[in-house]
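Since the structure comes first, as C-alpha cells, the remarks are kept for the end.
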DNA sequence: ATGGAAATTGCAAGATATTGCAACTTTAAC
DNA sequence: GTTAAAGTTGCAATATCTTGCAATTTCCAT
C-alpha cells in the first residue's frame with residue numbers, strides 16, 4: 580500500500596464519518612499507529628483535516644459556528660475602548676451606537692462614572708444596564724434583525740428631542756475624503772440622526788477599516804470631531820485625518 | 580470519544596439551547612462531571628461560551644442573562660413556553676413581558692409564525708430579533724438595571740397607543756384571591772399598563788410561584804384570561820384559578 | 001540491474017495530556 | 001448561621017504524543 584493511497588483512504592474515511600481514530604485506521608490499513616499519526620500530521624498540515632489527540636476530525640465538523648466577529652481583534656477593540664472612556668466625565672449625556680467596539684466601551688466603563696447614555700443598540704443597552712452608577716435610556720423602535728438596533732421614524736423623532744454632549748459612533752468604514760459610510764440604509768438613517776443631534780462626534784474604528792468605503796454615505800469627515808483607533812496618533816496612516824481637522828486619540 | 584469531538588458537541592448543544600448543565604452533558608457524553616467542567620473551562624478560555632455555576636451559557640445568551648441561577652427549572656419553562664405558543668397565530672399583535680419564561684417563548688417560536696411583538700424587555704427583544712418572520716418593536720424608556728426592561732412615563736405613553744390582541748405576562752407571584760403581585764414598583768407600573776391595553780392576558784407561571792404574594796399589586800385575578808403553568812390543567816392546585824374564571828393551559 | 005541516498009515505517013523510552021477520584025473550599029439557598 | 005450543592009485542587013492510572021533510531025523500502029542515476 581502506497582503512502583498516498585493510504586492517505587486518500589484516510590481522507591475518505593474522515594469525510595464520511597467526520598472523525599477517525601488512530602486505532603481504527605491502524606487496524607483497517609494494517610500499519611502502525613505511528614504511521615497513521617504521521618499521515619494525519621501531514622494531512623493536517625495540508626489543511627485537509629484537523630488533527631486532534633487520539634485521531635482527527637473533518638474540517639466541517641471542527642469549524643463549528645461561533646460568532647467570530649465578537650472575538651475578532653478583541654485586543655484592539657479593548658485599546659480603542661480605553662481611549663474612548665477618557666472622553667467621558669460625570670454628568671454628560673452620551674449617545675452610544677451599536678457594534679462590538681462600543682460594546683467593549685460599555686463593558687470597561689469605570690464603575691464610579693455617572694453618565695446618562697442614550698442608545699439604540701440592544702446589546703449595548705444590556706451591557707450598560709450592568710453599570711452601577713450610569714443611567715441608560717433605550718430609544719425604542721422597530722428592531723433591525725441584523726444590527727440589533729432600533730430603527731425607523733420613531734427613533735429619529737425621539738433623538739431630535741435630545742442634545743447629547745458626545746456621540747460614540749462605531750463604524751464599518753471611514754475614508755479621509757468620503758467620510759463615514761455604511762451598507763445598511765436603516766442603520767444609516769439612525770446614524771445620520773445621531774450625528775446631527777450630537778454636540779461632538781467620536782468615531783471608533785479599528786485601523787483596518789480606515790480607507791475603506793461602503794455603498795451608503797452617513798456623513799462627511801468634517802462632521803466628526805474625534806477619531807479613535809488602536810494606533811498611536813502619530814502613525815502615518817492617520818495623518819490625512821489629522822489634516823482634515825480631526826482630533827486623534 | 581475524542582476530547583475535541585466532545586467539546587464540539589458541547590458547543591453545538593450550547594449554541595442550540597443557549598444553556599447546558601454539567602449533569603446533562605455528563606450523562607449524554609458518558610464522562611464524569613469533572614471532565615465536563617474542564618471542557619467548559621477550556622471552551623470558556625477560548626471565548627466560545629460562558630461558564631456559570633452548574634453549567635454554561637452561550638455567549639450571545641450570557642450578554643442578556645439575568646442571574647446565573649436562572650438556568651435551573653429549564654424543563655418547566657420550556658413546557659410552559661410550548662403551551663404559550665399555541666395561543667399565537669399569524670397577524671396577531673402581541674405584547675410580551677420580560678422574564679426567563681418569556682425568553683424561552685421567544686426562543687422556541689415556530690419560524691414560520693408572523694406576529695408583531697411589542698416588548699419592554701431587552702433580553703426578550705434580542706431573542707425575538709432572531710426570528711425570521713416576526714417583527715419586534717421595542718418600547719423605549721429608561722432601563723431598569725434589575726429587570727432589564729424599559730420603564731417610566733415614556734413606556735406608558737407608548738403602550739397607550741396600541742391595542743394588542745394578547746399579552747404574555749411572566750410573573751413572580753400569583754395568588755387566586757390577591758391576583759398578580761410584584762416587588763419592583765417600576766416593573767409594576769409597566770405591567771399594569773401592559774395588562775390594561777391588551778385585549779387578552781395570559782399569565783405564564785411556574786407552579787411554585789402560585790399561592791405566593793409580593794408587596795405590590797399589579798392586577799386582580801379577574802383581569803387575567805389564561806393561566807399557563809407546567810402542570811396539567813386538572814392538577815388540584817390549579818382548581819381555585821379555574822373557579823375564578825381563568826382558562827388553564 | 002544495482003549502489004546508495006532519501007523516504008518510509010515500526011519500535012521504544014521519556015514526556016505530556018486526559019480522566020476520574022477524593023479531600024477540601026467556596027457558594028448560595030434556606 | 002447551617003447545610004447541601006457545586007467548584008477546586010492534587011494525585012494516580014491510563015492513554016497519547018514526541019523523538020531518535022534502526023530496519024526496510026523506494027527511487028533514480030549510473
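Residue numbers (the numbering used here), protein chains in the order written: chain A, 580 to 828; chain B, 580 to 828.
Using N, Cα and C, we set each Cβ at its ideal position, and we do this for glycine too.
What three-state label does DSSP hand residue i in the structure shown?
i	result
residue 694/A	coil
residue 826/B	strand
residue 781/B	strand
residue 605/A	helix
residue 748/A	strand
residue 763/A	coil
residue 636/B	strand
residue 670/B	coil
residue 644/A	Here the model assigns residue 644/A a pLDDT of 38, short of 50, so the residue's position is not dependable and the matter cannot be decided.
residue 684/B	helix
residue 732/B	helix
residue 715/A	strand
residue 801/A	helix
residue 613/A	helix
residue 649/A	Its pLDDT being 49, under 50, residue 649/A is placed unreliably by the model, and nothing is read from it.
Buried or exposed: where does residue i fall if 16 or more other Cβ atoms within 10 Å of its Cβ makes it buried?
i	result
residue 725/B	exposed
residue 705/A	buried
residue 779/B	exposed
residue 656/B	buried
residue 710/B	buried
residue 669/B	exposed
residue 712/B	exposed
residue 761/A	buried
residue 601/A	buried
residue 646/B	The predicted position of residue 646/B is uncertain, since its pLDDT is 47 and thus under 50; a value taken from the coordinates is nonetheless stated next. The residue is exposed, with fewer than 16 neighbouring Cβ atoms inside 10 Å.
residue 665/A	exposed
residue 685/A	buried
residue 576/B	With chain B running from 580 to 828 in the structure shown, residue 576/B is simply not present.
residue 781/A	buried
residue 584/A	exposed
residue 644/A	Reliability fails at residue 644/A, whose pLDDT of 38 lies under 50, so the model's placement of it is uncertain and the value that follows must be treated cautiously. Counting Cβ neighbours within 10 Å, residue 644/A comes out exposed, since fewer than 16 surround it.
residue 618/B	buried
residue 648/A	Only weak support is given to the placement of residue 648/A: the predicted model assigns it a pLDDT of 45, under 50, and the question is left unresolved by the model.
residue 825/A	buried
residue 676/B	buried
residue 729/A	buried
residue 595/A	exposed
Check this for me: beta carbons of residue i and residue j, under 8 Å apart or not?
i	j	result
residue 717/A	residue 717/B	yes
residue 784/A	residue 816/A	no
residue 795/A	residue 767/A	yes
residue 659/B	residue 809/B	yes
residue 797/A	residue 738/A	no
residue 582/B	residue 742/A	no
residue 636/B	residue 598/B	yes
residue 827/B	residue 812/B	yes
residue 734/B	residue 769/B	yes
residue 719/B	residue 634/A	no
residue 622/B	residue 580/B	no
residue 667/A	residue 777/A	no
residue 638/A	residue 708/B	no
residue 702/B	residue 755/B	no
In chain B, which residues lie with their C-beta within 7 Å of the C-beta of residue i?
i	result
residue 714/A	721
residue 718/A	719
residue 598/A	581 and 584
residue 724/A	708
Which residues in chain B have a C-beta closer than 9 Å to the C-beta of residue i? List them in chain order.
i	result
residue 632/A	581, 582 and 583
residue 727/A	704, 705 and 708
At a CB-CB cut-off below 9 Å, which residues of chain A make contact with residue i?
i	result
residue 737/B	719 and 733
residue 770/B	Under the 9 Å cutoff, chain A gives no residues; its nearest Cβ is about 17 Å from residue 770/B.
At a CB-CB cut-off below 8 Å, which residues of chain A make contact with residue i?
i	result
residue 701/B	701, 704, 705, 708 and 717
Check your understanding: Can we say the region 744 to 758 of chain A touches the region 609 to 629 of chain A, given the rule of at least three CB pairs closer than 8 Å?
Key -> The region 744 to 758 of chain A vs the region 609 to 629 of chain A: no contact.
Practice item. Check whether the region 765 to 779 of chain A touches the region 729 to 749 of chain A, counting contact only when three or more Cβ pairs, one atom from each stretch, lie closer than 8 Å. Key: Counting Cβ pairs under 8 Å, three or more are found: they touch.
Check your understanding: Within the chosen definition, does the region 689 to 703 of chain B reach the region 679 to 698 of chain A through at least 3 CB pairs nearer than 8 Å?
Key -> Touching, no, given that fewer than three Cβ pairs across the two stretches are closer than 8 Å.
Exercise for review: Decide yes or no for the touch test of the region 671 to 688 of chain B against the region 665 to 683 of chain A: beta carbon pairs closer than 8 Å, at least 3 of them.
Suggested key: Proximity of the region 671 to 688 of chain B to the region 665 to 683 of chain A falls short of the contact definition, fewer than three beta-carbon pairs being nearer than 8 Å.
Check your understanding: Can we say the region 797 to 804 of chain A touches the region 581 to 591 of chain B, given the rule of at least three CB pairs closer than 8 Å?
Key -> A contact is defined here as three or more CB-CB pairs under 8 Å, and the region 797 to 804 of chain A fails this definition with respect to the region 581 to 591 of chain B.
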